[in-house]
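**Student:** Structure incoming, see below.
Number of protein chains: 4
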Amino acid sequence: DDGLVIAGRKFKSRLMTGTGKYPSIESMQQSVMASGCEIVTVAVRRVQNNAPGHEGLAEALDWTKIWMLPNTAGCTNAEEAIRVARLGREMAKLLGQEDNNFVKLEVIPDSKYLLPDPIGTLQAAEQLVKEGFAVLPYVNADPLLCKRLEEVGCATVMPLGSPIGSGQGIQNVANIKIIIEQSKVPVVIDAGIGSPSEAAYGMELGADALLVNSAIALAKNPVIMAQSMGLATQAGRLAYKAGRIPIKNYASASSPLTGVVTK
Amino acid sequence: DDGLVIAGRKFKSRLMTGTGKYPSIESMQQSVMASGCEIVTVAVRRVQNNAPGHEGLAEALDWTKIWMLPNTAGCTNAEEAIRVARLGREMAKLLGQEDNNFVKLEVIPDSKYLLPDPIGTLQAAEQLVKEGFAVLPYVNADPLLCKRLEEVGCATVMPLGSPIGSGQGIQNVANIKIIIEQSKVPVVIDAGIGSPSEAAYGMELGADALLVNSAIALAKNPVIMAQSMGLATQAGRLAYKAGRIPIKNYASASSPLTGVVTK
Amino acid sequence: DDGLVIAGRKFKSRLMTGTGKYPSIESMQQSVMASGCEIVTVAVRRVQNNAPGHEGLAEALDWTKIWMLPNTAGCTNAEEAIRVARLGREMAKLLGQEDNNFVKLEVIPDSKYLLPDPIGTLQAAEQLVKEGFAVLPYVNADPLLCKRLEEVGCATVMPLGSPIGSGQGIQNVANIKIIIEQSKVPVVIDAGIGSPSEAAYGMELGADALLVNSAIALAKNPVIMAQSMGLATQAGRLAYKAGRIPIKNYASASSPLTGVVTK
Amino acid sequence: DDGLVIAGRKFKSRLMTGTGKYPSIESMQQSVMASGCEIVTVAVRRVQNNAPGHEGLAEALDWTKIWMLPNTAGCTNAEEAIRVARLGREMAKLLGQEDNNFVKLEVIPDSKYLLPDPIGTLQAAEQLVKEGFAVLPYVNADPLLCKRLEEVGCATVMPLGSPIGSGQGIQNVANIKIIIEQSKVPVVIDAGIGSPSEAAYGMELGADALLVNSAIALAKNPVIMAQSMGLATQAGRLAYKAGRIPIKNYASASSPLTGVVTK
Chain G
1 DDGLVIAGRK FKSRLMTGTG KYPSIESMQQ SVMASGCEIV TVAVRRVQNN APGHEGLAEA
61 LDWTKIWMLP NTAGCTNAEE AIRVARLGRE MAKLLGQEDN NFVKLEVIPD SKYLLPDPIG
121 TLQAAEQLVK EGFAVLPYVN ADPLLCKRLE EVGCATVMPL GSPIGSGQGI QNVANIKIII
181 EQSKVPVVID AGIGSPSEAA YGMELGADAL LVNSAIALAK NPVIMAQSMG LATQAGRLAY
241 KAGRIPIKNY ASASSPLTGV VTK
Chain Y
1001 DDGLVIAGRK FKSRLMTGTG KYPSIESMQQ SVMASGCEIV TVAVRRVQNN APGHEGLAEA
1061 LDWTKIWMLP NTAGCTNAEE AIRVARLGRE MAKLLGQEDN NFVKLEVIPD SKYLLPDPIG
1121 TLQAAEQLVK EGFAVLPYVN ADPLLCKRLE EVGCATVMPL GSPIGSGQGI QNVANIKIII
1181 EQSKVPVVID AGIGSPSEAA YGMELGADAL LVNSAIALAK NPVIMAQSMG LATQAGRLAY
1241 KAGRIPIKNY ASASSPLTGV VTK
Chain S
2001 DDGLVIAGRK FKSRLMTGTG KYPSIESMQQ SVMASGCEIV TVAVRRVQNN APGHEGLAEA
2061 LDWTKIWMLP NTAGCTNAEE AIRVARLGRE MAKLLGQEDN NFVKLEVIPD SKYLLPDPIG
2121 TLQAAEQLVK EGFAVLPYVN ADPLLCKRLE EVGCATVMPL GSPIGSGQGI QNVANIKIII
2181 EQSKVPVVID AGIGSPSEAA YGMELGADAL LVNSAIALAK NPVIMAQSMG LATQAGRLAY
2241 KAGRIPIKNY ASASSPLTGV VTK
Chain P
3001 DDGLVIAGRK FKSRLMTGTG KYPSIESMQQ SVMASGCEIV TVAVRRVQNN APGHEGLAEA
3061 LDWTKIWMLP NTAGCTNAEE AIRVARLGRE MAKLLGQEDN NFVKLEVIPD SKYLLPDPIG
3121 TLQAAEQLVK EGFAVLPYVN ADPLLCKRLE EVGCATVMPL GSPIGSGQGI QNVANIKIII
3181 EQSKVPVVID AGIGSPSEAA YGMELGADAL LVNSAIALAK NPVIMAQSMG LATQAGRLAY
3241 KAGRIPIKNY ASASSPLTGV VTK
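Chains as they are written, first to last, in this note's numbering: chain G, 1 to 263; chain Y, 1001 to 1263; chain S, 2001 to 2263; chain P, 3001 to 3263.
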């Protein structure tokens, strides 16, 4: 594989994970390792607030190997998200990633489905790009919104497959396909993926990367699921490059005269 | 993984492949290797008939490492299939697999969709079991037929996901699930799988193994697709063991008070 | 519409219903009326046994207007089914349908999913055809089995969409399509339909008729659901004849120069 | 049925249609009649421009019976859409609908998929509401955007099921469900519906109405398809009210002791 490039930075793995919802810090550490991921997203607000269970997070991962993707989870409007993004940049610096200007932008006024606000996200993205951030916005799978985000200078777009934590998979394939087709920045499918088959499917569609958290952290065995997601992401990418067979209504004619070895 | 056991024989890989439809013998050889499979099915009839492209098949694979699964492709009724199964056993012996009594039983009167005949398949299976074969019957995903085949002593059941070569994936999930639930012999999903996401999905459902041929042989790049299918089969198996998250309508409540590290 | 013809008998409605599972006899009577159906299936065994709630069934429907379709529910093998079919013919005669030789053939050894046995069904069908019955066999959606049933002289084939009472809809579209394409007798989709959209879908695929029972009888309001199913069956048939638009990836070019009135 | 109420105006039919893409004016007239619809959307711009085939549109429909829904098709930004909406109001007045202040708001910079711009749509909606319009905005199925549109005073929201004219059906069920759940104004599914089963499905989900154009106008027989869509819309609404059965994995236990008449 040729690797994933975001804002000029190269990554071998096309799977990103998170730190939330795990049964324990150890489980999280081992799952991150097992997944083979190189990018882990962290909720800035909860780390800053010393939210229960976040006390040791700074030391829990080896930030010389894992690239931190600070996120603005918990922000309900553009202003909050901008402020938290700045805190995230400080946090990354403190943890030794001097040149890390990445932010996963989440503007989420909706507490039930945790769906993002398109207007607030675009406003915050514009401002953060001006401030030099590499902005990775979490958005509904809206091709026109993704285009606008790309135009204001976002480093990726991160359309959701289905509501976060729902495990419903990719419920809006038509739009995801259009986003992939038209996008000049990497497309990262974020939220909704519940199983490795769905992860592979996203990659087969041509997504550049995936972000999977709940499906790993809340699996009965997170570490094994993390490994599975890593393999599935690779499998999907390889298949995208290998070029799948077309879907047909009829069985192939099975003549010994065609092909070298006919089944 | 604990491995796949068929008729007392143990295999590490849960992916089976075939030799048909490849652009060249080399492509087939490399794809079999890349897939990591340990079982390869071979059309006895075409080898026996010296059908074009089958001349070198006996030497093309290393039968000390690959377990041959002779199949009765091209047989339209039970009698033919029984005869060809016996030829297959001889062929395996000649190639050095003295104790190989496996046969993939195909009774296919339908030349358009290559769908199997339930009645003829059951008749042939009964006879072949009596003759000491380990019978792996290719059948429609019919739970009652699978039960009957198990009762007459088949070594596995091989329900199809969708018509062979169609790449339509698993089109009868409800029945496949029931077959997996009730079956005491390994369930091998055979036919229809077109992409690694579908391979992973089959394994997530709890299938014991998969047989994939067209989706590899007819991909633009068969070798890379073979590797992808191998990874996806592993990913699906791991996910089955890891226990996926339930599908929910709502996002998970995202409170910093629940869980150790909340996203 | 040109109407449905089964064994030489013509029906205007393409929806069949049943009498089971209703909250009350009145609810059943009104639902049958509201659905507009002309064929109602009745479980011979339960009527004969005077099972609770079946006492007044003979008088509950107007058999001068509704064609009775006696079924062999509760039979686990061919012999039982043949015996019950004969009883059904007597029952129809007693209720005034002298020339009614219809039987919905069910051979169901499986008490959990109520899935039919292909072997027993074929055996019973052969015998019943010889005895002059118009046999409507309930089967898995197996194209080869349906072909065999047609060849022994069945009046229709009745493939199931998904397990009876499951409301999972049509879970095996690939096979249903093949059955419709190849069948020379009417294809009636029986079991699994849970909503009018699924009923319409079945008819759009080209099915000749549908049998819906649980989805009506167990709806919160059976009478309104019956009316809905009747309309949906009509809608699906009309759409089949009207010829739906192809599915496309792209929007239609919206030029005022093409077409008469461009949207 | 209790009827559809939009901006205080009551309609019996829950199906809206259009005038575009028909093979002839006659075909359009008869299809509108056959569908039973009471609201027809008209592209203001093309009528104003005397685009080919739009010459007689004003006289083609009986505007004493059909409520006109002028649309802003062809507008690529908010300013254009506002201007065309005003023209639409004049057009409706000229055709005798003095009190018609409805506008179907389309802001579509994308000429390939005809997908709407969320930002421009919201801007135009805000202005048009201020000017006293009953605004029916055509949008991606984005729950947060729909909420914002409701908050600025739109009369409905019109999320798309899939790209216009694609006939892909409802490809984003998860989002459509959330929109229906949270919306206080009527939800009209617009675009993508290709068949009556999809129309029924949209209504079963709880949509208040549907807009279908291409699937009727471009069917092989538009008039019959129009009738079918009308029936399916009714069927779906009835089913929504009747309360469908839950989806189950298992067949219902079939005991003669439960229920009155057990199948």
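Here a beta-carbon is modelled for each residue, glycine too, at the ideal position from N, C-alpha and C.
Would you mind working out which of P:Q3168, P:M3033 and P:I3108 sits nearest K2248 of chain S, comparing C-alpha positions?
**Tutor:** Your numbering for residue 2248 of chain S matches position 248 in the third sequence. Minimum Cα distance to K2248 of chain S is reached at P:Q3168.
**Student:** Look at the alpha carbon of W1067 of chain Y and the alpha carbon of N2175 of chain S, and state the distance between them as a whole number of angstroms.
**Tutor:** Position 67 of the second sequence, counted from the start, is the residue given in the question as residue 1067 of chain Y. Position 175 of the third sequence, counted from the start, is the residue given in the question as residue 2175 of chain S. So the two alpha carbons sit approximately 32 Å from each other.
**Student:** What do you reckon, are the CB atoms on V129 of chain G and V157 of chain G nearer than 9 Å?
**Tutor:** Here residue 129 of chain G refers to the residue found at position 129 when the first sequence is read from its first residue. Here residue 157 of chain G refers to the residue found at position 157 when the first sequence is read from its first residue. Their beta carbons are not under 9 Å apart, which means V129 of chain G does not touch V157 of chain G by this criterion.
**Student:** Below 8 Å between beta carbons is the criterion; list the residues of the region 2157-2180 of chain S that meet it against any residue of chain Y, in chain order.
**Tutor:** Those residues of the region 2157-2180 of chain S placed with their C-beta closer than 8 Å to a C-beta in chain Y are S2162, P2163, S2166, Q2168, Q2171, N2172, V2173, A2174, N2175 and I2178, ordered along the chain.
**Student:** Can a CB atom of chain P be found closer than 9 Å to the CB of Q2048 of chain S?
**Tutor:** Taking the third sequence and counting its residues from 1, the one referred to as residue 2048 of chain S is at position 48. No - not a single Cβ of chain P is within 9 Å of the one on Q2048 of chain S.
**Student:** With three or more C-beta pairs closer than 8 Å as the rule, is the region 3228-3240 of chain P touching the region 3027-3036 of chain P?
**Tutor:** yes
**Student:** When the cut-off is 9 Å and only beta carbons count, does M1229 of chain Y lie next to chain B?
**Tutor:** Chain labels in this structure do not include chain B; the protein chains are G, Y, S and P.
**Student:** At which residues does the beta strand (DSSP E) containing I2071 of chain S begin and terminate?
**Tutor:** Locating residue 2071 of chain S in the third sequence gives position 71, where the first residue counts as 1. In the sequence under discussion, the amino acid at residue 2071 of chain S is Asn, which differs from the Ile named in the question. First-last of the beta strand (DSSP E) with N2071 of chain S: W2067 to N2071.
**Student:** For G1165 of chain Y versus A1200 of chain Y, is the C-beta spacing smaller than 9 Å?
**Tutor:** Here the question's residue 1165 of chain Y lines up with position 165 in the second sequence. Here the question's residue 1200 of chain Y lines up with position 200 in the second sequence. Going by C-beta atoms, G1165 of chain Y is not nearer than 9 Å to A1200 of chain Y.
**Student:** Of the choices S:S2013, S:P2222 and S:M2091, whose alpha-carbon is the least far from that of I3245 of chain P?
**Tutor:** Looking up residue 3245 of chain P in the fourth sequence gives position 245. With respect to the C-alpha of I3245 of chain P, the residue from S:S2013, S:P2222 and S:M2091 having the closest C-alpha is S:P2222.
**Student:** Any idea if S1195 of chain Y is buried or exposed, counting beta-carbon neighbours within 10 angstroms, 16 or more meaning buried?
**Tutor:** Taking the second sequence and counting its residues from 1, the one referred to as residue 1195 of chain Y is at position 195. By the 10 Å Cβ count, S1195 of chain Y comes out buried.
**Student:** Would Y3201 of chain P pass as an interface residue toward chain S - the criterion being a Cβ-Cβ separation below 9 Å?
**Tutor:** Here residue 3201 of chain P refers to the residue found at position 201 when the fourth sequence is read from its first residue. For Y3201 of chain P, the answer is yes, since a Cβ of chain S falls inside 9 Å of its Cβ.
**Student:** As a quick exercise: from G:V84, G:V152, G:G96 and G:I25, pick the residue whose alpha carbon is nearest that of N71 of chain G.
**Tutor:** In the first sequence, residue 71 of chain G corresponds to position 71, counting from 1. Taking only the C-alpha atoms, the option nearest N71 of chain G is G:V84.
**Student:** Taking 8 Å as the threshold, find out whether the region 3087-3098 of chain P comes into contact with the region 96-103 of chain G through three or more Cβ pairs.
**Tutor:** Contact between the region 3087-3098 of chain P and the region 96-103 of chain G is absent, because fewer than three Cβ pairs lie under 8 Å.
**Student:** Give every residue of the same chain whose Cβ lies closer than 6 Å to the Cβ of A7 of chain G, excluding the five residues on either side of it in the sequence, and list them in chain order.
**Tutor:** Your numbering for residue 7 of chain G matches position 7 in the first sequence. Cβ within range, chain order: A134 and A155.
**Student:** Do you know whose CA, among P:S3214, P:S3183, P:K3220 and P:N3050, lies nearest A3207 of chain P's CA?
**Tutor:** As a position in the fourth sequence, residue 3207 of chain P is number 207, starting the count at 1. Checking every option, the nearest Cα to that of A3207 of chain P belongs to P:S3183.
**Student:** In whole angstroms, what separates the C-alpha of G3020 of chain P from that of V3152 of chain P?
**Tutor:** The sequence position of residue 3020 of chain P within the fourth sequence is 20, counting from 1. The sequence position of residue 3152 of chain P within the fourth sequence is 152, counting from 1. Rounded to whole angstroms, G3020 of chain P to V3152 of chain P spans 30 Å at the Cα level.
**Student:** Below 6 Å CB to CB, which residues in the same chain sit around L2172 of chain S once its five sequence neighbours on both sides are set aside?
**Tutor:** In the third sequence, residue 2172 of chain S corresponds to position 172, counting from 1. The amino acid at residue 2172 of chain S is misidentified as Leu; the sequence shows Asn. The residues A2141, in chain order, have a CB closer than 6 Å to that of N2172 of chain S in the same chain once the five nearest residues on each side in sequence are set aside.
**Student:** Please list, in chain order, the chain P residues whose beta carbon lies closer than 8 Å to that of D190 of chain G.
**Tutor:** Working through the first sequence from its first residue, we reach residue 190 of chain G at position 190. Within chain P, no residue comes near D190 of chain G; the closest Cβ sits about 15 Å away, beyond 8 Å.
**Student:** Please confirm if R244 of chain G has its CB atom under 9 Å from at least one CB of chain Y.
**Tutor:** Counting from one through the first sequence, the residue named residue 244 of chain G turns up at place 244. Closer than 9 Å to some Cβ of chain Y, the Cβ of R244 of chain G qualifies, so yes.
**Student:** If you draw a straight line from the C-alpha of I110 of chain G to the C-alpha of A81 of chain G, how long is it?
**Tutor:** As a position in the first sequence, residue 110 of chain G is number 110, starting the count at 1. As a position in the first sequence, residue 81 of chain G is number 81, starting the count at 1. Per the sequence presented here, residue 110 of chain G reads as Asp, with Ile not at that position. About 14 Å.
**Student:** In terms of DSSP beta bridges, what is F2102 of chain S paired with?
**Tutor:** Working through the third sequence from its first residue, we reach residue 2102 of chain S at position 102. S:A2134.
**Student:** Give the secondary structure of K12 of chain G by DSSP, where H, G and I count as helix, E and B as strand, and everything else as coil.
**Tutor:** The residue labelled residue 12 of chain G in the question sits at position 12 within the first sequence. Here K12 of chain G sits in coil by DSSP.
**Student:** Just to check my reading of the structure: Q123 of chain G and A191 of chain G have Cβ atoms closer than 8 Å, yes? What is that Cβ distance to the nearest angstrom?
**Tutor:** Counting from one through the first sequence, the residue named residue 123 of chain G turns up at place 123. Counting from one through the first sequence, the residue named residue 191 of chain G turns up at place 191. Beta-carbon to beta-carbon, Q123 of chain G and A191 of chain G are separated by about 21 Å, too far to satisfy the 8 Å threshold.
**Student:** If contacts are defined as beta-carbon pairs under 8 Å, then V2185 of chain S and L2015 of chain S qualify, I think. What distance do you get, rounded to the angstrom?
**Tutor:** Counted from its first residue, the third sequence places residue 2185 of chain S at position 185. Counted from its first residue, the third sequence places residue 2015 of chain S at position 15. Between the beta-carbon of V2185 of chain S and that of L2015 of chain S there is about 18 Å, and that puts the pair past the 8 Å contact cut.
**Student:** Please specify which runs of the beta strand (DSSP E), each continuous and at least 3 residues long, are wholly inside the region 150-210 of chain G, giving them in chain order.
**Tutor:** Listed in chain order, they are 188-190.
**Student:** A242 of chain G and I1224 of chain Y - do their beta-carbons sit closer together than 9 Å?
**Tutor:** Residue numbering aside, residue 1224 of chain Y sits at position 224 when the second sequence is read from its first letter. Residue numbering aside, residue 242 of chain G sits at position 242 when the first sequence is read from its first letter. Contact flag set, yes.
**Student:** Relative to the alpha-carbon of E1126 of chain Y, which residue among Y:G1202, Y:L1144, Y:K1177 and Y:L1105 has its alpha-carbon at the smallest distance?
**Tutor:** Along the second sequence, read from residue 1 onward, the residue named residue 1126 of chain Y stands at position 126. Check the Cα spacing between E1126 of chain Y and each of Y:G1202, Y:L1144, Y:K1177 and Y:L1105: the tightest is with Y:L1105.
**Student:** Are the C-beta atoms of R148 of chain G and some chain P residue less than 9 Å apart?
**Tutor:** As a position in the first sequence, residue 148 of chain G is number 148, starting the count at 1. For R148 of chain G, the answer is yes, since a Cβ of chain P falls inside 9 Å of its Cβ.
**Student:** DSSP three-state label for Y1022 of chain Y, please.
**Tutor:** For the purposes of this step, residue 1022 of chain Y is taken as the residue at position 22 of the second sequence. Strand.
**Student:** Here's the rule I'm using: 16 or more other beta-carbon atoms within 10 Å means buried, otherwise exposed. How should S1031 of chain Y be labelled?
**Tutor:** Sequence index remark: in the second sequence, residue 1031 of chain Y carries index 31 (1-based). Result: buried.
**Student:** So, is the C-beta of I119 of chain G closer than 9 Å to a C-beta in chain P?
**Tutor:** The residue labelled residue 119 of chain G in the question sits at position 119 within the first sequence. Yes, contact with chain P.
**Student:** Please work out which residues of its chain come closer than 7 Å, Cβ to Cβ, to Y2240 of chain S, disregarding the five sequence neighbours upstream and downstream, and give them in chain order.
**Tutor:** Taking the first residue of the third sequence as 1, we reach residue 2240 of chain S at position 240. Same-chain partners within the cutoff: M2203, E2204 and G2206.
**Student:** List, in chain order, every chain Y residue whose beta-carbon is nearer than 9 Å to that of P2137 of chain S.
**Tutor:** The residue you call residue 2137 of chain S lines up with position 137 of the third sequence. Within chain Y, no residue comes near P2137 of chain S; the closest Cβ sits about 13 Å away, beyond 9 Å.
**Student:** Just the C-alpha distance for Y1956 of chain S and P2163 of chain S, rounded to the nearest angstrom, thanks.
**Tutor:** Given that chain S is displayed from residue 2001 to residue 2263, the structure contains no residue 1956 of chain S and the question cannot be resolved.
**Student:** Just tell me which of Y:S1197, Y:P1143, Y:L1061 and Y:P1116 has its CA closest to the CA of T1233 of chain Y.
**Tutor:** As a working mapping, residue 1233 of chain Y is identified with position 233 in the second sequence. Out of Y:S1197, Y:P1143, Y:L1061 and Y:P1116, Y:S1197 has the C-alpha closest to the C-alpha of T1233 of chain Y.
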